[in-house]
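Student: Mapped onto UniProt numbering, the consecutive letters of the sequence shown carry residue numbers 1 to 256.
For every residue, glycine included, the Cβ atom is placed at its ideal position computed from N, Cα and C.
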Amino acid sequence: TSWCSLHRSRLERPFPGSGPRTFCSSRAMRATALAFALVALVSLVSSKDDGVLFLEKWDDDAWNLRWRHSDNSKYTGRFRVGKPNDWKNNGLRIPDPNKHYGISALVPEPIDPSDGLVIQYEVRHSKTYTCGGSYIKLLTHEEGFTPEGLHDQTPYSIMFGPDKCGEEMRVHVIFRHWNPNKQKIEERQLVAKPLPVADNHTHVYTLRLTQPSTFEVLVDNKAVIKGDLLTESAFSPSFYQPQMIVDPEAKKPEDW
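Spelled out as structure tokens, the structure:
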């Protein structure tokens, strides 16, 4: 079954986020040898679950009213909804190689990550490709944003999913987070590099944020990494904030 959802998972203390997440964006970047790809967002929860924040099954003609392509000149590709020969259900398809694709949908309500969050979706590459990403972004709320205005610098709060170019492969986990010491937003990337599965079968990618500040990445419902967001070495730059910060401008008084 192919569908898309975001749903809640309770946190006991606030997740160090950078603001409400109000848009769900799916992007597939340039693929030099990609003839066909299926990108379907999925969840293991029922559509009747009260915790579901966003659910997409791609099973009706109104999908293109919920999801809108970017009009940015970079994104010349146009997704299609359909199914390969051996699938019973629809998915979001990438029909043409060597193009950039961008599409986004409005989440019905702002997402408060302090409640916990699960992002899960399904990806299938039916042919071998050399360079491409099939990750999604939860975009940061911005007044005046329209899905048609999506571009590669549109601010996001969470980026998650598989990426590959040549021999370099990883499942991205990136948070854009306010650094109170530097007074600016920074991209904090998972230091470890969980590997995506590089074959032509269907695989499910899950990012789970749970109490108290735990993150977990699963591939095909098997954990590939689990840790604490506040562990000093887990992300770069780190979420960890030391109690004492060295002041490079401080000098010893001459009369000491």
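Would you please state the rounded distance, in angstroms, between the beta carbons of H203 and E122? I believe it to be under 8 angstroms.
Tutor: So it is a contact: roughly 7 angstroms between Cβ atoms.
Student: Starting from R78, trace the beta strand (DSSP E) both ways and give me its first and last residue.
Tutor: Premise fails: R78 is in no beta strand (DSSP E) and is neither H nor E.
Student: Considering only residues of the same chain and omitting the five flanking positions on each side of D255, which have a CB-CB separation below 7 angstroms?
Tutor: Counting only Cβ-Cβ distances below 7 angstroms, and skipping sequence neighbours, we find nothing.
Student: Can you tell me whether N90 is buried or exposed, with buried defined as 16 or more other CB within 10 angstroms of its CB?
Tutor: N90 comes out buried.
Student: How should P253 be labelled, buried or exposed, when 16 other C-beta atoms within 10 angstroms of its C-beta is the threshold for buried?
Tutor: Exposed, because fewer than 16 other Cβ atoms sit within 10 Å of the Cβ of P253.
Student: Buried or exposed: where does P237 fall if 16 or more other Cβ atoms within 10 Å of its Cβ makes it buried?
Tutor: It is exposed - the Cβ of P237 has fewer than 16 other Cβ atoms within 10 Å.
Student: For D163, does the three-state DSSP call read helix, strand or coil?
Tutor: Looking at D163 - three-state DSSP - the assignment turns out to be strand.
Student: Select from W58, A234, K74, T214 the residue whose C-alpha is nearest the C-alpha of V118.
Tutor: The shortest C-alpha separation from V118 is found at T214.
Student: If you count every other CB in all the chains shown that lies within 10 Å of the CB of P180, and 16 or more means buried, which is it?
Tutor: So P180 counts as exposed.
Student: Just to confirm the assignment, what range does the alpha helix (DSSP H) spanning W63 have?
Tutor: First-last of the alpha helix (DSSP H) with W63: 63 to 66.
Student: Provide the residue span of the beta strand (DSSP E) that contains A105, from first to last.
Tutor: Element bounds for A105: 101 to 111.
Student: Cβ of P110 within 8 angstroms of Cβ of H141?
Tutor: In contact: P110 and H141 (Cβ atoms closer than 8 angstroms).
Student: Restricting to runs no shorter than 3 residues, where is the beta strand (DSSP E) found entirely within the stretch 138 to 201?
Tutor: Listed in chain order, the complete beta strand (DSSP E) runs (minimum 3 residues) inside the stretch 138 to 201 are 156 to 165, 168 to 179, 184 to 190.
Student: Checking the sheet assignment: what are the DSSP bridge partners for Y205?
Tutor: Answer is Y121, V219, bridged to Y205.
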